[in-house]
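Okay, so the sequence shown: first residue is 0 according to numbering that gives the first Met the number 0, each after it adds one.
Using N, Cα and C, we set each Cβ at its ideal position, and we do this for glycine too.
Report on the following structure.
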Amino acid sequence: MHYIDLTIFVLYMLAMLGVGFYFLRKNEGADDYYVGGRNMSSGHIGLSVVATDVGGGFSIGLGGLGFAMGLSGSWMLFTGLLGAWLAAVFLIPKVKDNPAFAKFLTFPQIFGYYFNARVALLAGIISAIGYTGFTSSQILAGAKLASGTFINLDLNTALLIMGIIAVVYTVMGGMKAVIYTDTVQWAILMSGLVFIGIPISFLAVGGGVEQISFSQLFNLEWLSAQSSRSMAAIRTTLPPEFLSLTNITWQQLVNWAITIIPIWFVGMTLYQRIYACRDAKTARRAWYLAGLFEWPIMAFMGVSLGILARVAAEQGMFDALGAGAVVDPETGLPMLLRTVLPVGLMGLMLSAYFSAILSTADSCLMASSGNIVSDVISHFWKIDPDAPSTLRLSQIVTLAVGAFALWLATTMTNVLDLMLYSYAFMVSGLFVPVLGALFWKRRSSVAAFWAMLIGGVVTVVLQVSMLSAPDTDLTGLAQSLHPYFPAEVSSTWVSLSEFELQELLERTLSAHSIVHIPWLNLTFRLPLNLDPNLFGLTASLILYITLTFIYPDKNKNTTWQKTTVSATTFTPRPTHKG
């Protein structure tokens with residue numbers, strides 16, 4: 000990497016750390032640190048929401064989807080648009096117009112209001128675990144981008160660098176710093192994609208030039224001719240389905256929808272921003288804006304770069320990097336940027352992507368910290384949210400969670416999988432109880448508790464037990480899976496070569512969601528190849544409805560118990576009618 004690019008990148012990172020240090024001196028208590036003083040505008044909140052929700056993990060992940068399946072990968076963020084708009088219509092009025100929530104800092108405090116302290120504690124633990132996973136995915140996204148771009152930088156070293164920067168910045172910053180820098184970071188990302196990443200990558204895949212110069216970018220005749228060559232290269236290199244929006248199964252779309260849409264109703268980072276808005280109108284406007292930025296704007300930009308990376312890989316443009324055949328689709332995008340961008344623009348584009356990564360990492364880390372301080376620690380010890388000691392405690396917890404998230408990031412290599420696992424865990428545990436609390440007049444703390452616990456456990460067990468093709472013991476796996484083999488090889492698979500058996504296993508596992516639970520000696524296929532999260536949600540829904548009728552709260556007007564000092568000492572609970 001050229002020293003000019005490195006200088007631009009280092010200066011950007013120092014500037015972000017400087018903003019965090021500036022707001023360190025401005026934070027006076029937990030209200031400032033976690034919800035930005037509750038007076039933020041819709042513009043800042045909207046950009047902060049989309050920067051947090053899409054961010055670097057989905058930016059790199061979308062590039063991977065574009066690389067693997069083409070334009071149809073954009074449907075993932077269409078589910079984000081649906082989730083944002085549904086939350087704007089149904090959730091925000093329920094939360095923002097209820098005066099009892101006026102001093103809340105976290106999402107699980109709503110469970111303390113409608114149910115009891117035990118339910119709020121469990122919700123806080125589930126949310127903290129989920130957002131620790133989100134933080135890890137962002138650190139991993141940054142490390143993948145850095146290691147794919149910087150020469151001689153391995154993934155573990157990149158993880159350490161990204162982790163330290165993200166954690167230090169977050170510990171210092173607080174919510175105001177996060178929201179204001181999110182706005183700047185999102186503007187940098189959009190500018191980088193629109194004016195640098197996409198156009199230069201598009202021109203580069205046309206061939207005939209080793210690296211595009213600044214003079215060529217202002218030569219209209221060359222631009223026209225090179226654009227024609229690029230379009231021809233794309234059409235001849237990629238299969239037709241890559242340029243279609245229908246290269247997707249209905250199961251994949253349902254799996255994305257059932258995992259992503261509900262996060263808009265259970266995401267701690269999103270509730271923090273609802274609390275930070277001035278009023279319900281401001282919050283709704285911010286959510287509509289965020290949805291439009293997610294799809295089509297960010298969705299098509301992300302997959303387009305992935306498609307261009309696929310074309311570049313097929314043409315051998317990465318051969319000089321020792322990566323002629325890209326094994327991990329998510330590394331294709333950073334390799335493309337490293338290959339095609341000229342000196343100066345490389346540093347700007349890197350800063351744009353790291354902007355997205357930091358904007359999500361800081362928010363997720365703060366969410367996990369907020370859950371631990373306000374929902375877990377304060378369950379056992381009295382905490383004054385306005386005391387300076389609470390601010391210091393919050394920063395210490397943020398540092399500890401960040402260190403753990405960094406360690407977790409070293410154990411997984413796929414950004415999108417890590418994000419979706421975290422999403423699925425939270426959705427399956429929290430979605431049904433929060434809908435029941437906000438939209439159903441019946442109350443049952445027993446139902447809420449067990450629906451959270453069992454819904455999350457079912458999803459986790461199924462996710463962990465999903466079979467994937469191993470590097471060794473292909474025969475042992477084939478023994479378990481041969482009932483699912485195509486009829487023509489169901490009895491002859493034992494004669495296949497190791498390579499042929501590996502291919503057969505991969506095809507079988509991609510066509511069927513097969514779960515193996517060794518301690519039960521149980522192997523089975525999930526119906527219709529649907530995501531395990533759907534079955535966790537179903538278990539949660541059945542339990543919630545059943546137990547609500549069996550164990551209703553005896554006095555629905557007085558079931559609320561203290562969950563945290565900050566959540567419960569300000570406004571009495573209004574009487575429910577009907």
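Rounded to whole angstroms, how far is the Cβ of residue i from the Cβ of residue j, which I believe are closer than 8 Å?
i: Leu429; j: Ala122; result: 6 Å
i: Thr51; j: Ser362; result: 4 Å
i: Ile91; j: Ala279; result: 6 Å
i: Trp294; j: Phe77; result: 5 Å
i: Gln579; j: Ala119; result: A query on residue 579 cannot be resolved here, the shown segment of the chain reaching from 0 to 577 and no further.
i: Tyr113; j: Ala450; result: The Cβ separation is near 13 Å, so there is no contact.
i: Gly331; j: Ala312; result: 6 Å
i: Leu392; j: Trp185; result: Actually they do not touch by this definition, with Cβ atoms about 30 Å apart.
i: Leu269; j: Val48; result: 7 Å
i: Ile513; j: Leu466; result: 5 Å
i: Arg441; j: Ala275; result: Wrong, their Cβ atoms sit about 31 Å apart, outside the cutoff.
i: Val302; j: Ser146; result: So it is not a contact: roughly 22 Å between Cβ atoms.
i: Leu242; j: Gly69; result: 6 Å
Are any of the Cβ atoms in chain C nearer than 9 Å to that of residue i?
i: Ala14; result: The structure shown has no chain C; it contains just one protein chain.
Nearest CA to the CA of residue i: which residue from the options?
i: Thr547; options: Val167, Asn520, Ser443, Ser190; result: Ser443
i: Phe133; options: Phe110, Ala165, Lys102, Ile160; result: Ala165
i: Leu304; options: Val372, Leu202, Ile382; result: Leu202
i: Phe438; options: Ile3, Phe110, Ile233, Trp84; result: Phe110
i: Ser373; options: Ser358, Gly141, Thr389; result: Thr389
i: Leu407; options: Pro98, Ala140, Trp249, Phe89; result: Ala140
i: Phe523; options: His515, Ser190, Phe448; result: His515
i: Thr235; options: Val310, Ile178, Ala224; result: Val310
i: Gln394; options: Tyr2, Arg24, Thr6; result: Arg24
i: Ile262; options: Gln251, Pro98, Val53; result: Val53
i: Val433; options: Phe194, Phe379, Leu536, Leu347; result: Leu536
i: Val170; options: Ala29, Thr258, Thr156, Ser539; result: Ala29
i: Phe217; options: Thr258, Asn155, Ile199; result: Ile199
i: Thr180; options: Asp318, Leu13, Gln250, Ala127; result: Leu13
i: Arg283; options: Asp4, Ile382, Leu529, Asp96; result: Asp96
i: Ser539; options: Val445, Asn520, Leu521, Ile138; result: Val445
i: Thr6; options: Val208, Arg272, Val34, Met345; result: Met345
i: Trp249; options: Met316, Asn532, Asn528, Val167; result: Asn528
Going by the beta-carbon positions, is the gap between residue i and residue j smaller than 9 Å?
i: Gly65; j: Ile247; result: no
i: Met300; j: Leu192; result: yes
i: Ala582; j: Gly266; result: Limits of the chain in this structure are 0 at one end and 577 at the other, which puts residue 582 out of reach.
i: Leu16; j: Ala256; result: no
i: Thr397; j: Ser368; result: yes
i: Val253; j: Ser229; result: no
i: Leu244; j: Ser71; result: yes
i: Ala176; j: Phe353; result: no
i: Leu85; j: Phe292; result: no
i: Leu405; j: Gly19; result: no
i: Ile338; j: Ser40; result: According to the sequence provided, residue 338 is Thr. The question's Ile does not apply to it. Going by C-beta atoms, Thr338 is not nearer than 9 Å to Ser40.
i: Gly454; j: Ser427; result: yes
i: Ala232; j: Gln314; result: yes
i: Leu144; j: Ile356; result: yes
i: Ala351; j: Gly196; result: yes
i: Met385; j: Gly173; result: One point to set straight first is that residue 385 is Asp, not Met, in the sequence displayed. No; because the gap between Cβ atoms is not below 9 Å, this pair is not in contact.
i: Met425; j: Ile259; result: no
i: Val581; j: Ile124; result: Residue 581 lies beyond the range of the chain shown here (0 to 577); nothing can be said about it.
What is the DSSP secondary structure of residue i, reduced to helix, strand or coil?
i: Leu104; result: coil
i: Phe201; result: helix
i: Trp559; result: At Trp559 the pLDDT is 39, less than 50, meaning the model places this residue with poor confidence; the figure from the coordinates comes in the next sentence. Trp559: coil per DSSP, three-state reduction.
i: Val456; result: helix
i: Phe114; result: coil
i: Arg524; result: strand
i: Ile91; result: helix
i: His597; result: In the structure as shown, the chain starts at 0 and stops at 577, and residue 597 therefore has no counterpart that could be examined.
i: Thr471; result: With a pLDDT of only 49 at Thr471, under the threshold of 50, the placement of this residue in the model should not be trusted; the figure read from the coordinates follows. Residue state, collapsed to three classes: coil.
i: Thr6; result: helix
i: Phe569; result: Note that Phe569 scores a pLDDT of 36, beneath 50, so its modelled location is shaky; the value from the coordinates is reported in the next line. DSSP places Phe569 in coil when its eight states are reduced to three.
i: Gly577; result: Note on Gly577: pLDDT 39, under 50, position unreliable in the model; the coordinate value appears next. Here Gly577 sits in coil by DSSP.
i: Val564; result: Low per-residue confidence applies at Val564: pLDDT is 39, beneath 50, and the placement is therefore not dependable, though the value from the model is reported in the following sentence. DSSP places Val564 in helix when its eight states are reduced to three.
Task: Secondary structure, alpha helix (DSSP H): runs of 4+ residues fully inside the stretch 262-336 - done: 262-265, 267-275, 279-291, 298-313
TODO: Please specify which runs of the alpha helix (DSSP H), each continuous and at least 4 residues long, are wholly inside the stretch 202-250, giving them in chain order.
DONE: 213-216, 219-236
Task: Length at least 4, wholly inside the stretch 141-192: the alpha helix (DSSP H) runs in chain order - done: 154-191
Open item on the list: Ignoring anything shorter than 4 residues, give me the alpha helix (DSSP H) runs that lie fully in the stretch 37-87, in order along the chain.
Closed with: 41-52, 54-68, 74-85
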